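Chemist:
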Amino acid sequence: MSLEFAGVPTQPPPVMMLRLIQLACIALLALAPSLAHAQSADLVLCDRVAADPSDPDKPADIRGVPDIAAADVPTAIKFCKKVAGSSRRAMYELGRAYAANQQMGEAIAAWRKAADKGSTSAMVELGVAYGTGNGVVRDEEAARKLFERAAEAGNPRGVTNLAALGGGVASSDPMRARQLLGKAAETNAEAQYQLGLMLADGTGGPKDDLGARALFEKAAAQNHPGALERMGAFSQEGRGGPADRDAAKAYYKRAADLGDEQAKAALKRLSCPIAIKDKRGNFVTDLCY
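Just remember that this note's numbering sits 334 ahead of the position in the sequence shown, which is counted from 1.
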């Protein structure tokens, strides 16, 4: 840059040059917040309509939606697409939006990219797709590997889906299953319940009724039906803690109200403890009180 003084070009004095540089920096700094705000506003809109409540990447102050509303799908695709390149969470949410719009090819592509960037929720969704053959050729082994990757990173859905795929969480490697569940059980009710079952049965390690009861109690506090039923049984039998018939009945009732069939049967047995039989030993009726 040059200045003219009395018609003769000359270089600005060092002090003036420094001042010009300072002014240019101030102008850029003033512009930067507005650019950042524009980007964050897109991510905010993406999260508002497409965030997954169970996504470990989701910030705590974002509530999320279990299912993207049909009316919100165009908004989700538009704004998630804008920020997907710089946010693996947004890329995963873009996949959710495509899936909600029945565009499984696009959803799979978005989830692959998000998974490559480390999104464990995207790994789980890809695993579900492979496990069910939805949008891809069904491949149980590919599904298993994806669930294992997610589970090893601590994603609770990765652990529970791995359990479901294997026909039982401890079916192939019970010791490893305990380790995976232990990480997920820090926050997830289903993982707490599954790990409690393993501790109660002594599967994959020592039997631990006290530890099992503590896990069932945590999951029961989150209204997990199976955990409520197990708390009823443990309270009735005095396993891992004191026996308490009234507490058992209350746990069974809560589980039964949530549709747990084992709890319904246990509640009936608890209310009708005497079975009347004929002289041949055949059951006739329950005696209730």
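We put the beta carbon where it would ideally sit given N, CA and C, even for glycine.
Note that the structure is predicted; figures quoted are calculated from it, not measured.
Round the Cβ separation of alanine 497 and glutamine 528 to the nearest angstrom and send it over; I've been treating them as touching at under 8 angstroms.
Modeler: Confirmed, about 6 angstroms.
Chemist: DSSP three-state call for lysine 392: helix, strand or coil?
Modeler: Looking at lysine 392 - three-state DSSP - the assignment turns out to be coil, as it is neither helix nor strand.
Chemist: For the ligand SAM, is there any heavy atom lying closer than 7 angstroms to the beta carbon of alanine 555?
Modeler: Although the ligand SAM was asked about, the structure shown includes no ligands whatsoever.
Chemist: Do you know how far the Cα of alanine 463 is from the Cα of glycine 469?
Modeler: Each residue's alpha carbon lies about 6 angstroms from the other.
Chemist: Counting along the chain, where does the alpha helix (DSSP H) carrying serine 455 start and finish?
Modeler: Looking at the DSSP string, the run of the alpha helix (DSSP H) that includes serine 455 is 454–466.
Chemist: Sort Glu475, Met565, Thr494 by Cα distance to alanine 581 and report the nearest one.
Modeler: Residue Met565 is the option with its Cα nearest to alanine 581.
Chemist: Counting along the chain, where does the alpha helix (DSSP H) carrying threonine 494 start and finish?
Modeler: Unbroken alpha helix (DSSP H) run through threonine 494: 490–499.
Chemist: Do aspartate 306 and arginine 573 have their CB atoms nearer than 8 angstroms?
Modeler: This structure does not reach residue 306, given that the chain is present from 335 up to 623, and the question cannot be answered.
Chemist: By the three-class DSSP mapping on this structure, what secondary structure does aspartate 406 have?
Modeler: Helix.
Chemist: Since lysine 392 and methionine 425 should fall inside the 8 angstroms C-beta cutoff, what is the C-beta to C-beta distance between them, to a whole number of angstroms?
Modeler: No, lysine 392 and methionine 425 are not in contact; Cβ-Cβ is about 13 angstroms, not under 8 angstroms.
Chemist: Would you list, in sequence order, the uninterrupted alpha helix (DSSP H) runs of no fewer than 4 residues that lie entirely inside the region 530–575?
Modeler: If we require 4 residues or more, the alpha helix (DSSP H) runs fully inside the region 530–575 come out as 543–554, 559–571.
Chemist: Can the beta-carbon of serine 453 be found less than 8 angstroms from the beta-carbon of arginine 423?
Modeler: Going by C-beta atoms, serine 453 is nearer than 8 angstroms to arginine 423.
Chemist: Should methionine 457 go down as buried or exposed, given a rule of 16 or more other Cβ atoms within 10 Å for buried?
Modeler: Buried, since its Cβ has 16 or more Cβ neighbours within 10 Å.
Chemist: Check whether the region 481–496 and the region 515–522 touch, using three or more Cβ-Cβ pairs below 8 angstroms as the test.
Modeler: Output reads yes: the region 515–522 touches the region 481–496.
Chemist: Could you give the first and the last residue of the continuous alpha helix (DSSP H) run that contains serine 420?
Modeler: No alpha helix (DSSP H) contains serine 420, which DSSP labels as neither H nor E.
Chemist: At the level of alpha carbons, what is the spacing between phenylalanine 413 and leucine 601?
Modeler: Near 51 angstroms, if we compare the C-alpha coordinates of leucine 601 and phenylalanine 413.
Chemist: Do valine 399 and alanine 385 count as a contact pair if the criterion is CB distance below 8 angstroms?
Modeler: Yes, Cβ-Cβ distance for alanine 385 and valine 399 is below 8 angstroms.
Chemist: Please report how far the alpha carbon of aspartate 450 lies from the alpha carbon of alanine 403, in whole angstroms.
Modeler: Distance between the alpha carbons of aspartate 450 and alanine 403 is about 27 angstroms.
Chemist: With arginine 579 as the anchor, note down where its alpha helix (DSSP H) starts and where it stops.
Modeler: Residues 579–591.
Chemist: Starting from the C-beta of lysine 598, find all residues in its chain whose C-beta is less than 6 angstroms away, skip the five residues before and the five after it, and write them out in chain order.
Modeler: Around lysine 598: Ala590.
Chemist: Quick one: give me the first and last residue of the alpha helix (DSSP H) that arginine 483 is part of.
Modeler: Taken as a continuous stretch (DSSP letters only), the alpha helix (DSSP H) holding arginine 483 covers 474–486.
Chemist: Within this structure, are the beta carbons of serine 455 and proline 390 separated by less than 8 angstroms?
Modeler: Cβ atoms of serine 455 and proline 390: closer than 8 angstroms.
Chemist: Helix, strand or coil: which one does DSSP assign to proline 508?
Modeler: Reduced to three states, the DSSP call for proline 508 is helix.
Chemist: Provide the residue span of the alpha helix (DSSP H) that contains glycine 439, from first to last.
Modeler: Unbroken alpha helix (DSSP H) run through glycine 439: 438–450.
Chemist: Using a 10 Å radius around the Cβ and a threshold of 16 neighbouring Cβ atoms, would you call arginine 547 buried or exposed?
Modeler: So arginine 547 counts as buried.
Chemist: For arginine 603, which of helix, strand or coil comes out of DSSP?
Modeler: Residue state, collapsed to three classes: helix.
Chemist: If the criterion is Cβ atoms closer than 8 angstroms, does the pair alanine 577 and glycine 530 meet it?
Modeler: No, these two residues do not count as a Cβ contact at 8 angstroms.
Chemist: I need the DSSP call for alanine 375, collapsed to helix, strand or coil.
Modeler: It is helical.
Chemist: Look at the Cβ atom of cysteine 380, then the Cβ atom of glutamate 440, and state whether they are nearer than 8 angstroms.
Modeler: Cβ distance not < 8 angstroms, so cysteine 380 and glutamate 440 don't count as in contact.
Chemist: Express the C-alpha separation of leucine 533 and valine 378 in angstroms, rounding to a whole number.
Modeler: So the alpha carbons of these two residues sit roughly 42 angstroms apart.
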